[in-house]
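Some notes on the structure that comes next.
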Amino acid sequence: MSKQSSYLEKQYNTYFAVLRIPGDVQRYFQGKTRFSATLKTSSLSEANRLKWPYIEGWKANIELARRTRSGEVPVDVAEQAARYALWLQGHHNGPEEAKTELFGLLDETVWRDYEQRDNLFNPTHRGDTTEQEKEDTYLAYSMAIKDWTGSYVDEFLTHYEAEAKTKDEARRALKTFSERFPNLEEITRHAVEDWVEDMLESRSRPTIKKRIGFIRGYWNWCSHRKRGYFPPENPFEKDPLPPATKSKQASSQKAQSKRPAFTREDYTKFLDAARDQEMQDFIKIAAHTGCRISEIMHFKLQDVAHDRFNVEDAKSESGWREIPIHSEIKPVVERLVANSTDGFLFTGQTPNKYEKRTTRMGKRFVRLIKKVGSYKSGVGAHSFRRSLATMMLENGVEEPKAAAIIGHEIGTMTYGIYAGGISFAEKNAIIQSISYDVGSASQSPREDS
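Here the sequence shown stands for residues 1 to 449, where the numbers follow full-length UniProt numbering.
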């Protein structure tokens, strides 16, 4: 069996996830020799994506069975509930009969003794289990027979189309939500609104809004696919996040509009304070291109021509653009290209687990800013974009032309849809007019801190 098709079988043009049950634990699974579940697809690539939640769950169940066989008790009630739930899922007589059978089994082994007197069964409390063990076992049973809020998270995330970082954020949000509402039947609109109110005491509105978005997506996905029991009322049909007060909205908008830019004096201070060539190179390129740090640190040599940068993986369609190389940084770019050992302009950057190469440089630059002086909150490498935009405004550059260089969408119908863009020669003339020499403009881009 190839690695690609492992844990899979195809029956009547439909793939099934399968896993052999080791002989030493088969008695814990009604004597079955293997697990099997239909994936409801004829696509091999889709089946390979869908199989893993089943395989991981089955392997966890086998591990639990082995621990049971060795006499090791569950670590906590949740693990005990997981054991019961997996047992119920694998029962061949259907869920209702399985629940009845499990209750009877626990009643005999944990809760009560049955003594035969005059052919009648008279239940008495067992003496070989403690009251705490009885309570924990009943709680675990109750948990196992209910629909758990987090039961389908892994399956949902296999279908969720997003970058790895966003998927991790979604998983954390759903974990937090599942801890607050362990069972689906506990989730009501009023309960969710109370939860949101609690979060507002310690979380920002954008963070809460993002969490609600993840949870709403999970709820809709589960409801559409009939996963679990869902209450008839959809608690996310209306936004559970109360509207912000006007004062808060105004403050937020004002803060965004006042996001600070760096001055020419700042530029000089940063270069003087930078102790290594790499940081100086980054500062010069950021200041003279207005590129985002994510664009700069991901520039490949193929994106760099002798006279321009080609930005081809930006945040929006308007971000795909050509940026002329300023004469001030041309020697820097030529040196970086010549010295690259891995195909990137900034060579030797270690990507994080999301394949992002910006983390190290971003943190170093923030530390440099703090070292140089006191700045308003919100400053960072992004502030050079505002500096470049301000200098173009000082030089009388029209907004559509500035937007074409910065990579912003043009908000008006005329310029945004019908304009044909500007030539590279015009862009080059604009970029070459930018100067960070102190005194080259009468007005500084940034307001006083």
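Cβ atoms here follow ideal geometry from the backbone N, Cα and C, with glycine treated the same way.
The model shown is predicted, which means the values in this text are computed figures rather than measured ones.
Residues near residue i in its chain [Cβ-Cβ closer than 8 angstroms; skip 5 each side]
i, result
"L393", "A402"
"I55", "Y7, A17, L19"
"Q280", "L271, A274"
"R357", "M297, H298, F344, F346, Q349, T350, P351"
"E233", "T188, R189"
"K371", "A273"
"Y267", "I283, A287, S387, Y436"
"D154", "W52, P53, E56"
"V110", "R126, T129, E133, K134, T137"
Residue range of the unbroken alpha helix (DSSP H) whose run includes residue i
i, result
"I369", "359 to 372"
"K209", "205 to 224"
"P400", "399 to 406"
"E328", "Looking at the DSSP string, E328 is not in any alpha helix (DSSP H), and its letter there is neither H nor E."
"Q26", "Here Q26 belongs to no alpha helix (DSSP H), and DSSP marks it neither H nor E."
"L393", "383 to 394"
"Q432", "424 to 432"
"D272", "264 to 273"
"E295", "293 to 296"
Three-way DSSP call (helix, strand, coil) for residue i in this model
i, result
"Q349", "coil"
"L241", "coil"
"E322", "strand"
"F282", "helix"
"S42", "coil"
"V77", "helix"
"V304", "strand"
"D437", "coil"
C-alpha gap between residue i and residue j, whole angstroms
i, j, result
"G420", "F309", "The pLDDT assigned to G420 is 48, lower than 50, so where the model puts this residue is not dependable, and the model offers no usable value."
"A60", "I21", "12 angstroms"
"G104", "R216", "38 angstroms"
"Q249", "P351", "Model confidence at Q249 stands at a pLDDT of 47, short of 50, so the residue's coordinates are unreliable and nothing is read from them."
"T100", "Y141", "11 angstroms"
"T390", "I187", "50 angstroms"
"E295", "V379", "18 angstroms"
"G57", "P206", "34 angstroms"
"R211", "G31", "43 angstroms"
"K269", "K209", "39 angstroms"
"K330", "N339", "14 angstroms"
"P182", "S151", "10 angstroms"
"I406", "G373", "27 angstroms"
"I285", "V438", "18 angstroms"
"P235", "D107", "37 angstroms"
"R364", "A381", "10 angstroms"
"V337", "Q302", "10 angstroms"
"L44", "Y15", "8 angstroms"
"Q26", "R225", "31 angstroms"
"K40", "K10", "11 angstroms"
"T130", "D136", "10 angstroms"
"E323", "E265", "In the sequence on display, residue 323 carries Ile and not Glu. So the alpha carbons of these two residues sit roughly 24 angstroms apart."
"R180", "D128", "34 angstroms"
N-terminal and C-terminal residue of the beta strand (DSSP E) that residue i is part of
i, result
"T14", "14 to 20"
"residue 453", "Outside the displayed range of the chain (1 to 449) lies residue 453, so it cannot be described from this structure."
"F35", "34 to 38"
"E201", "First-last for E201: undefined, no H or E at that position."
"L8", "8 to 11"
Close-in-space but distant-in-sequence residues of the same chain around residue i (CB under 6 angstroms, 5 per side omitted)
i, result
"P203", "First, the residue type needs correcting, since residue 203 is Arg and not Pro in the sequence shown. Counting only Cβ-Cβ distances below 6 angstroms, and skipping sequence neighbours, we find nothing."
"V397", "I430"
"A164", "Y354"
"R49", "T158"
"F35", "L19, W58"
"A37", "A17, Y54"
"F177", "I215"
"T341", "T347"
"S442", "At S442, the pLDDT of 40 sits below 50, so the modelled position is not reliable and the matter cannot be decided from this model."
Sequence-distant residues of the same chain with beta carbon closer than 7 angstroms to residue i, five excluded per side
i, result
"L368", "F270, A273, A274, M279"
"residue 450", "Here the chain comprises residues numbered 1 to 449, so residue 450 is not present and cannot be evaluated."
"Q432", "H326, S327"
"E312", "D303, W320"
"S383", "P260, A261, F262"
Proximity test, residue i beta-carbon vs the ligand COA heavy atom, cut-off 7 angstroms
i, result
"E135", "Only the bare structure without any ligand can be found here, which leaves the ligand COA out of the picture."
Please give the ranges of any alpha helix (DSSP H) in the stretch 102 to 184, keeping only runs that are unbroken, at least 4 residues long and fully inside the region.
131 to 145, 153 to 159, 164 to 180
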